[in-house]
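Undergrad:
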Amino acid sequence: MAAEPEILEELRRVRVRVPQLTGALAASVDGLVLAHDTPGVEPEGLAALTATALGVAVRMADVTGRGELREVLLRGVHGYVATYAAGRGAVLTLLAEDRVNVGRLHLEGRRAGARIGELTDAPRATGGGPPSAGPDHRHPRRSQSS
């Protein structure tokens with residue numbers, strides 16, 4: 346898995362590309378924080394809630410036959426929470442103001458999620474070997490059959 350500074354740099358880049366973002370968080374599908382830039386939001390709580398929402402969303406995609414989960418978008422009165430798959434074992438959650446261009450949010454969120462996925466799925470230079478194998482039942486890119 347990538348070092349936190351590389352992931353944090355990607356979070357900062359996406360915040361520059363989408364100025365209406367108010368926060369960005371990369372987490373494992375288990376709800377562990379990998380890196381965050383979330384002023385005013387407690388990152389551990391957000392990561393845990395992201396993992397919980399992800400579990401429900403994966404199940405909903407499976408039950409409705411929609412295939413592998415790619416993203417989840419929530420819109421509240423004060424803005425958006427968007428979560429994107431980031432490789433085999435991570436997710437990217439972006440917090441945005443209500444005035445954000447949702448198309449731009451998706452474009453940049455998908456790009457950043459793919460980049461973070463590359464970073465998190467890559468073998469560690471110091472640890473060697475491939476990333477852990479085996480399916481994770483909460484994996485954002487894989488749904489289970491009933």
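The numbering used here puts the first residue of the sequence shown at 346, with every later residue one more than the last. Ideal placement from N, C-alpha and C gives every residue a C-beta, glycine not left out.
(1) If we ignore side chains and look at the alpha-carbon of each, how far apart do Gly412 and His451 end up?
(2) Classify Thr383: buried if its beta carbon has 16 or more other beta carbons within 10 angstroms, exposed otherwise.
(3) Buried or exposed: where does His423 fall if 16 or more other Cβ atoms within 10 Å of its Cβ makes it buried?
(4) Within its chain, find whatever has a CB closer than 6 Å to the CB of Leu353; leave out the 5 residues flanking it on each side and keep chain order.
(5) Near Val445, which residues of its chain fall below 8 Å by C-beta distance, leaving aside the five closest residues on each side in sequence?
(6) So which of Leu356, Glu416, Ser373 and Ala441 has the shortest CA-CA distance to Glu389?
(7) From this set, Arg404, Leu418, Ala435 and Ile461, which residue's C-alpha is nearest Arg358's C-alpha?
(8) Could you tell me which of Ala396, Val386 and Glu351 sits nearest to Tyr429, measuring between CA atoms?
(9) Starting from Val447, trace the beta strand (DSSP E) in both directions and tell me its first and last residue.
TA: In this structure, then:
(1) Taking the straight line from one Cα to the other gives about 19 Å.
(2) Using a 10 angstroms sphere on the CB of Thr383, the tally of other CB atoms reaches 16 or more, which defines it as buried.
(3) So His423 counts as exposed.
(4) Answer for Leu353: Ala380, listed in chain order.
(5) Cβ neighbours of Val445 beyond the five flanking positions: Val363, Gln365, Leu366, Gly424 and Tyr425.
(6) The candidate whose alpha carbon is nearest that of Glu389 is Ser373.
(7) From the listed residues Arg404, Leu418, Ala435 and Ile461, the smallest Cα separation to Arg358 is found for Ile461.
(8) Among Ala396, Val386 and Glu351, the Cα nearest to that of Tyr429 belongs to Ala396.
(9) In the DSSP assignment, Val447 falls outside any beta strand (DSSP E) and within the unbroken alpha helix (DSSP H) covering Val447 to Asp466.
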